[in-house]
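Asker: First the structure, which I've put down as structure tokens, then a few questions once you've had a look.
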Amino acid sequence: MIKVLICDDQQLVCEGLATILRASPKIEVVGAAHNGDDALALVEEQQPHIVLMDLKMPGMSGVEATLEIRSRFPSVRVLVLTTYALDEWVADAIRAGASGYLLKDISGETLIESVLGTAQGKTYLDPAVAGNLLQLLAQGKPLPPLEHGQSFTEREREILSLLGLGYTNTRIAEELNLTQATVRNLMSGLLRKLNLEDRTQLALFAVRAGIQ
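In terms of the working numbering, the sequence shown opens at residue 5 and continues consecutively.
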């Protein structure tokens with residue numbers, strides 16, 4: 005059973021999210037917090053696997069709460085669910101350690117799928133925010149390296165590094181003097197190795213892991 009803590013300053017939103025999540029027999033909602041300070045207290049008390057985090061709240065913001073949770077409770081994953089698609093908010097949340105960033109216009113089915121996937125270590129980015137995120141992260145301050153437990157060949161590291169800079173497959177092929185088919189094959193191998201689903205997740209992994 006995956007234990008989920010909801011953090012949103014609107015009571016009605018918390019109740020609605022709890023109703024959606026309880027439709028899954030694999031999810032247990034262990035509480036709701038209405039600001040970052042309450043979230044920290046409930047994380048310590050309930051030890052959830054996932055915190056579903058809004059960003060703009062009174063007092064401690066969602067970004068600050070995410071940073072604090074990931075620092076004090078590194079096994080707890082934070083999945084951002086918000087109405088804000090601003091690039092800076094997205095980048096700050098990922099830098100703080102969020103495992104994903106979703107907007108509130110998603111379906112209940114997508115929310116449940118994302119929570120279950122996040123518990124398995126997957127990363128979820130709403131398509132509306134994925135476009136500019138990688139460039140912003142690549143240009144910003146470095147992120148703490150991830151403990152991914154994987155070793156990479158020199159060629160794999162080159163692929164990951166260029167992905168983290170936002171390069172397209174065509175540009176990666178040109179940069180490394182490879183065919184596009186070879187680049188696709190290398191990416192497929194990396195996706196299998198890291199148990200990721202697409203190149204966006206792979207690029208985000210590269211940036212967060214500090215692969216250069």
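Every residue gets a Cβ at the ideal spot worked out from N, C-alpha and C, and that includes glycine.
The structure displayed is predicted, hence computed values, not measured ones.
Closest to Thr127 by CA distance: which of Asn173, Thr186, Ala210, Tyr171 is it?
Answerer: In the sequence shown, the residue the question calls residue 127 occupies position 123. Residue Ala210 is the option with its Cα nearest to Thr127.
Asker: I need the DSSP call for Thr157, collapsed to helix, strand or coil.
Answerer: For the purposes of this step, residue 157 is taken as residue 153 along the sequence shown, with counting starting at 1. Here Thr157 sits in coil by DSSP.
Asker: Can you grab the Cα-Cα spacing for the pair Leu16 / Leu206, in whole Å?
Answerer: For the purposes of this step, residue 16 is taken as residue 12 along the sequence shown, with counting starting at 1. For the purposes of this step, residue 206 is taken as residue 202 along the sequence shown, with counting starting at 1. Spanning the two alpha carbons is a distance of roughly 35 angstroms.
Asker: Can you give the beta carbon distance from Met57 to Lys30, rounded, assuming they're within the 8 angstroms contact cut?
Answerer: Numbered from its first residue, the sequence shown carries residue 57 at position 53. Numbered from its first residue, the sequence shown carries residue 30 at position 26. 20 angstroms between Cβ atoms; not a contact.
Asker: Which residues in the same chain have their Cβ closer than 7 angstroms to the Cβ of Met191, if we skip the five residues on either side of it in sequence?
Answerer: As a first step, residue 191 is located in the sequence shown; it is residue number 187 there, counting from the start. Around Met191: Ile163, Arg203, Leu206.
Asker: Around the Cβ of Ser118, are there at least 16 other Cβ atoms within 10 angstroms (buried) or fewer (exposed)?
Answerer: Numbered from 1 along the sequence shown, position 114 holds the residue referred to as residue 118. Under this definition Ser118 is a buried residue.
Asker: On the DSSP bridge assignment, give the partners of Arg81 in chain order.
Answerer: The residue you call residue 81 lines up with position 77 of the sequence shown. DSSP lists Ile54 as partners of Arg81.
Asker: To the nearest angstrom, how far is the alpha carbon of Leu169 from that of Ala213?
Answerer: Counting from 1 along the sequence shown, the entry for residue 169 is found at position 165. Counting from 1 along the sequence shown, the entry for residue 213 is found at position 209. Approximately 13 angstroms, taken between the alpha carbons.
Asker: Near Val8, what residues of its chain come up, given a Cβ to Cβ distance below 8 angstroms and the 5 sequence neighbours on each side ignored?
Answerer: Looking up residue 8 in the sequence shown gives position 4. If we look at Val8 and ignore the five residues flanking it on each side, its Cβ neighbours are Leu25, Ile31, Glu32, Val33, Val34, Pro52, His53, Ile54, Val55, Leu56, Val119.
Asker: Consider the Cβ of Ile215: report whether some Cβ of chain C lies at a distance smaller than 8 angstroms.
Answerer: Here chain C cannot be found, since the structure has a single protein chain.
Asker: Mind reading off the beta-carbon distance from Ala100 to Thr70? Whole number of angstroms is fine, and I expect it under 8 angstroms.
Answerer: For the purposes of this step, residue 100 is taken as residue 96 along the sequence shown, with counting starting at 1. For the purposes of this step, residue 70 is taken as residue 66 along the sequence shown, with counting starting at 1. That pair is a contact at about 4 angstroms.
Asker: Select from Val133, Ile215, Arg188 the residue whose C-alpha is nearest the C-alpha of Ile155.
Answerer: As a first step, residue 155 is located in the sequence shown; it is residue number 151 there, counting from the start. Looking at the sequence shown, residue 155 is not Ile but Ser. When each option's Cα is compared against that of Ser155, the closest is Ile215.
Asker: Around the Cβ of Gly63, are there at least 16 other Cβ atoms within 10 angstroms (buried) or fewer (exposed)?
Answerer: Within the sequence shown, numbered from 1, the residue matching residue 63 stands at position 59. Its Cβ having fewer than 16 others within 10 Å, Gly63 is exposed.
Asker: Within the continuous beta strand (DSSP E) that includes Lys60, where are the two ends?
Answerer: Position 56 of the sequence shown, counted from the first residue, corresponds to residue 60. Note, Lys60: premise wrong, no beta strand (DSSP E); not H, not E.
Asker: Between the Cα of Gly104 and those of Ser65, Leu85, Val187, spot the shortest distance and give me the residue it belongs to.
Answerer: Translated into the one-based positions of the sequence shown, residue 104 becomes position 100. If we check each option's Cα against that of Gly104, Leu85 comes out closest.
Asker: Which residues bound the alpha helix (DSSP H) around Lys197?
Answerer: Reading the sequence shown from its first residue, position 193 is the one you call residue 197. That run of the alpha helix (DSSP H) goes 184-198.
Asker: Across which residues does DSSP place Tyr128 in a beta bridge pair?
Answerer: Along the sequence shown, one-based indexing puts residue 128 at 124. Tyr128 pairs with Gly104.
Asker: In the DSSP assignment, find the unbroken beta strand (DSSP E) run with Gly35 in it and report its ends.
Answerer: Taking the sequence shown and counting its residues from 1, one reaches residue 35 at position 31. First-last of the beta strand (DSSP E) with Gly35: 31-37.
Asker: By the DSSP assignment, the alpha helix (DSSP H) with Ile24 in it spans what residues?
Answerer: Sequence index remark: in the sequence shown, residue 24 carries index 20 (1-based). From DSSP, the alpha helix (DSSP H) with Ile24 extends over 15-25.
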